[in-house]
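Notes to accompany the following structure.
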Amino acid sequence: MQNIKNYINGEFVNPIKGGFIDNYNPSIGEVYGQIPNSTTEDVEKAYQSAKSAFKQWSNTTLNERRDILSKIAQLIQLRLPELAKAEAKDNGKPLSLAKAIDIPRASSNFQYFADAITQFSSEAHESIGLGAMNFTLRQPIGVVGCISPWNLPLYLFTWKIAPAIAAGNCVVAKPSEVTPMTAYLLGEICNEAGLPKGVLNIVHGLGTTTGQAIIEHPDIKAISFTGGTATGAHIARTAAPMFKKLSLELGGKNPNIIFADCDYENMLATTVRSSFANQGQICLCGSRIFVEESIYEQFKKDFVQKVSELKIGNPFDEDTNIGALVSKPHLEKVKSYIDIAEQEGGKILYGGNTVTVEGSENGYYLEPTIIEVSSNQCRLNQEEIFGPVVTLMSFKTEEEALQLANDVVYGLSSTLWTNNLTRTMRLSKELHAGIVWVNTWLLRDLRTPFGGQKASGVGREGGFEALRFFTEPKNVCIKYE
Ligand code: NAD
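Plus 1090 on top of the position in the sequence shown (first one is 1) and you've got my numbering.
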């Protein structure tokens, strides 16, 4: 059994009241460890540790912070094989994906914010004619809370923690209870990198207990949250009356719009990835595929063919393309949408069944599933499924494609396939999305703003947006004449 502990004040400790919950390996459907189900008392202990560390940490030089964050980045890179294995075991994702994406990007998050904090600046405004000069301080907020989901565990956890501590804050962080292992290992890395005790504190447990204690804590002044839209709404209801600063990165139902004038082969290969990478459990996956009528039949045939070549298997097999879904309840939820498709008259073009993988018979495997729908109003096209299920629909005109793309409560990302420049410009402006990818998908530059519109969230992460979120602006006005 691999049991884990909370990381508070640089030490690994059991929860004060001693509650534990099971941690599953989804690829074999078995419990392989236990994690603390931390209570208000543990969160308070973590808060006190962060509070004690704040004065000193917020006064470290930017070079000192840069060096420590860079060291963390290097250590993540050094421990990549071990971290990737831990992520694959905890989450069910292919080991090859964890090695290529999750862990390198977790390292990049620390390296990026190590550098970014040395370049971050604030503004000055001279009040000409009034004899006054204004300058804006950007001060760390104090103790902040970071709460992350299970789909990209270390990647999204570090995406919040790195800018928070780079900006001089101290952190109480909670990873998803479904995938806690790499967050636990991050504590070891932070100690080895020389991060002062208490700057980062990691409490494990359920959202409704541990997470709730973080968002309700009166002195945790900002919450950076990534997760489901319903949880985000609950956090907003709880934290807004306490005047906490909030960054909410929530669900998506992203359109992938394919025009006949695109580079077909590149589009086809990328669409397979944007549909099914990480078993479709990436908030940015394009789960609603809209294809121009003139190439619809061809696309349908080619897409089904390519998807049928994907290998579903144990995450640790080198040739696995599709691993296990993250948990049994999640598998059940995703499967329920395949039943809904049948009730709604959707036509299953490929997949739709659970898979028994030899040697991992109790794992949570599902075929990549392609469903043809005739209306964007069906539940399949309106609700986030967050699994290996995509829908196909054809469209006739650009106006129709835009209408279909925007006709949903979410607004996280959109993918557009076309070689028409003016169309690209028109649609980029009109799409309801925080991110528009044109002729690519998931290409990330960490300096760019990241986040969604509408029910996909409030605020932006990434680049200086994150450093602005984790600092409080204060204007100082000096009268000199
Ligand atoms: P979730 O909302 O169930 O949980 C996310 C985190 O919030 C977990 O750590 C959970 O323990 C915690 N939590 C739950 N209830 C809480 C409460 N009352 N108070 C405080 N914390 C609480 O989401 P999930 O199932 O882990 O993740 C999947 C969702 O995340 C999907 O909707 C997906 O689209 C979204 N997501 C969004 C982005 C983005 O950048 N927009 C990225 C990844 C995932």
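Beta carbons are placed, not taken as given, at the ideal position from N, Cα and C, and that holds for glycine.
Predicted model, so just to flag it, every value in this text is computed and none were measured.
Could you give the distance in angstroms between the alpha-carbon of residue 1585 and the alpha-carbon of residue 1223? Because the chain spans 1091 through 1571 in this model, residue 1585 falls outside it and cannot be assessed.
Nearest candidate by alpha-carbon position, reference residue 1074, set 1468, 1537, 1138, 1465: Nothing about residue 1074 can be reported from this structure: the residues present for the chain run from 1091 to 1571 only.
At a threshold of 8 Å, does residue 1239 count as lining the ligand NAD (C-beta to nearest heavy atom)? The count along the sequence shown starts at 1 and reaches residue 1239 at position 149. Result yes, Cβ under 8 Å from the ligand NAD.
Assuming residue 1159 and residue 1204 form a contact by the criterion Cβ under 8 Å, report the distance between their Cβ atoms to the nearest whole angstrom. Reading the sequence shown from its first residue, position 69 is the one you call residue 1159. Reading the sequence shown from its first residue, position 114 is the one you call residue 1204. Going by Cβ atoms, the distance from residue 1159 to residue 1204 rounds to 4 Å, so yes, they are a contact pair.
Measuring alpha carbon to alpha carbon, tell me which of 1188, 1403, 1155, 1278 ends up nearest residue 1170. Within the sequence shown, residue 1170 is the residue found at index 80, counting from 1. Nearest of 1188, 1403, 1155, 1278 to residue 1170, Cα basis: 1188.
Near residue 1501, which residues of its chain fall below 6 Å by C-beta distance, leaving aside the five closest residues on each side in sequence? As a working mapping, residue 1501 is identified with position 411 in the sequence shown. Correct list, in chain order: 1522, 1523, 1542, 1543, 1544, 1546.
Buried or exposed for residue 1091, please, with buried defined as at least 16 other CB atoms from any protein chain shown within 10 angstroms of its CB. Taking the sequence shown and counting its residues from 1, the one referred to as residue 1091 is at position 1. Under this definition residue 1091 is an exposed residue.
Using the Cα positions of residue 1420 and residue 1274, report the straight-line distance between them to the nearest angstrom. Within the sequence shown, numbered from 1, the residue matching residue 1420 stands at position 330. Within the sequence shown, numbered from 1, the residue matching residue 1274 stands at position 184. Their Cα atoms are separated by approximately 23 Å.
What does DSSP give as the partner residue(s) for residue 1382 in the beta ladder? Taking the sequence shown and counting its residues from 1, one reaches residue 1382 at position 292. The partner list for residue 1382 (beta bridge, DSSP) reads 1485.
Since I believe residue 1362 is in contact with residue 1397 (beta carbons under 8 Å), could you give me their beta-carbon distance rounded to a whole number of angstroms? The count along the sequence shown starts at 1 and reaches residue 1397 at position 307. The count along the sequence shown starts at 1 and reaches residue 1362 at position 272. Indeed they touch by this definition, with Cβ atoms about 6 Å apart.
For a test of the three-state rule: what should DSSP assign to residue 1079, helix, strand or coil? Residue coverage of the chain in this structure runs from 1091 to 1571, which leaves residue 1079 outside it and unanswerable.
Does the region 1481 to 1492 touch the region 1323 to 1340, meaning 3 or more C-beta pairs lie closer than 8 Å? Fewer than three pairs of CB atoms, one per stretch, sit closer than 8 Å, so the region 1323 to 1340 makes no contact with the region 1481 to 1492.
Between the beta-carbon of residue 1125 and the beta-carbon of residue 1113, is there less than 9 Å? Here residue 1125 refers to the residue found at position 35 when the sequence shown is read from its first residue. Here residue 1113 refers to the residue found at position 23 when the sequence shown is read from its first residue. Yes, these two residues count as a Cβ contact at 9 Å.
Return yes when the Cβ of residue 1231 is within less than 9 Å of the Cβ of residue 1312, no when it is not. On the sequence shown, position 222 is the one that residue 1312 refers to. On the sequence shown, position 141 is the one that residue 1231 refers to. Contact: yes.
So, under 8 Å CB-CB, residue 1256 and residue 1155 are touching, yes? Tell me the CB distance rounded to an integer number of Å. Here residue 1256 corresponds to residue number 166 of the sequence shown, with the count starting at 1. Here residue 1155 corresponds to residue number 65 of the sequence shown, with the count starting at 1. That pair is a contact at about 6 Å.
With C-beta atoms as the reference, is residue 1418 less than 9 Å away from residue 1184? In the sequence shown, the residue the question calls residue 1418 occupies position 328. In the sequence shown, the residue the question calls residue 1184 occupies position 94. No. Outside cutoff.
Can you say whether residue 1391 is buried or exposed, counting buried as having 16 or more other CB atoms within 10 angstroms of its CB? In the sequence shown, counting from the first residue as 1, residue 1391 sits at position 301. Exposed, by the Cβ-count rule.
Okay, do the region 1498 to 1518 and the region 1300 to 1312 touch, 3+ Cβ pairs below 8 Å being the bar? no
Give the list of continuous alpha helix (DSSP H) stretches no shorter than 4 residues that lie fully inside the region 1302 to 1344. 1302 to 1306, 1319 to 1329
According to DSSP, is residue 1566 part of a helix, a strand, or is it coil? In the sequence shown, counting from the first residue as 1, residue 1566 sits at position 476. Correct three-state label for residue 1566: strand.
Can you tell me where the beta strand (DSSP E) with residue 1240 in it begins and where it stops? In the sequence shown, residue 1240 corresponds to position 150, counting from 1. From DSSP, residue 1240 is part of no beta strand (DSSP E); its letter is neither H nor E.
To the nearest angstrom, report how far apart residue 1218 and residue 1211 are at their CA atoms. Translated into the one-based positions of the sequence shown, residue 1218 becomes position 128. Translated into the one-based positions of the sequence shown, residue 1211 becomes position 121. The alpha-carbon atoms of residue 1218 and residue 1211 are separated by roughly 22 Å.
Short of 6 Å in beta carbon distance, which residues of its chain neighbour residue 1442, apart from the five on each side in sequence? Order them along the chain. Taking the sequence shown and counting its residues from 1, the one referred to as residue 1442 is at position 352. Excluding sequence neighbours, residue 1442 sits near 1428, 1459.
Alpha carbon to alpha carbon, how far is residue 1277 from residue 1131? Give it in angstroms, no decimals. Taking the sequence shown and counting its residues from 1, one reaches residue 1131 at position 41. Taking the sequence shown and counting its residues from 1, one reaches residue 1277 at position 187. The alpha-carbon atoms of residue 1131 and residue 1277 are separated by roughly 20 Å.
Could you check how far apart the C-beta atoms of residue 1352 and residue 1096 are, in whole angstroms? I think they sit under 8 Å. Taking the sequence shown and counting its residues from 1, one reaches residue 1352 at position 262. Taking the sequence shown and counting its residues from 1, one reaches residue 1096 at position 6. Their Cβ separation, rounded to whole angstroms, is 49 Å, which puts residue 1352 and residue 1096 out of contact at 8 Å.
First and last residue of the uninterrupted beta strand (DSSP E) at residue 1371: Looking up residue 1371 in the sequence shown gives position 281. Premise fails: residue 1371 is in no beta strand (DSSP E) and is neither H nor E.
Is the beta carbon of residue 1366 sitting closer than 9 Å to the one on residue 1478? Here the question's residue 1366 lines up with position 276 in the sequence shown. Here the question's residue 1478 lines up with position 388 in the sequence shown. Yes, the pair counts as a contact, with Cβ atoms nearer than the cut-off.
Return yes when at least one heavy atom of the ligand NAD lies under 8 Å from the C-beta of residue 1315, else no. Along the sequence shown, one-based indexing puts residue 1315 at 225. Under cutoff, so the answer is yes.
Quick check: what's the CA-CA separation for residue 1401 versus residue 1307? Taking the first residue of the sequence shown as 1, we reach residue 1401 at position 311. Taking the first residue of the sequence shown as 1, we reach residue 1307 at position 217. Rounded to whole angstroms, residue 1401 to residue 1307 spans 46 Å at the Cα level.
Bounding residues of the beta strand (DSSP E) (the contiguous stretch that carries residue 1260): Here residue 1260 corresponds to residue number 170 of the sequence shown, with the count starting at 1. Where residue 1260 is concerned, the enclosing beta strand (DSSP E) stretches over 1260 to 1264.
Nearest-angstrom Cβ-Cβ length linking residue 1263 and residue 1236, presumed shorter than 8 Å: Position 173 of the sequence shown, counting from 1, holds the residue named residue 1263. Position 146 of the sequence shown, counting from 1, holds the residue named residue 1236. Contact flag correct, Cβ pair sits at about 4 Å.
Express the C-alpha separation of residue 1347 and residue 1463 in angstroms, rounding to a whole number. Within the sequence shown, numbered from 1, the residue matching residue 1463 stands at position 373. Within the sequence shown, numbered from 1, the residue matching residue 1347 stands at position 257. Computed Cα separation, rounded: 15 Å.
Ignore the nearest five residues each way along the sequence and tell me which others in residue 1475's own chain have a CB closer than 7 Å to its CB. Residue mapping note: residue 1475 aligns to position 385 of the sequence shown, counting from 1. Here the set comprises 1377, 1424, 1427.
Run the proximity test for residue 1412: is its beta-carbon closer than 8 Å to any non-hydrogen atom belonging to the ligand NAD? The count along the sequence shown starts at 1 and reaches residue 1412 at position 322. Not so, every heavy atom of the ligand NAD lies at least 8 Å from the Cβ.
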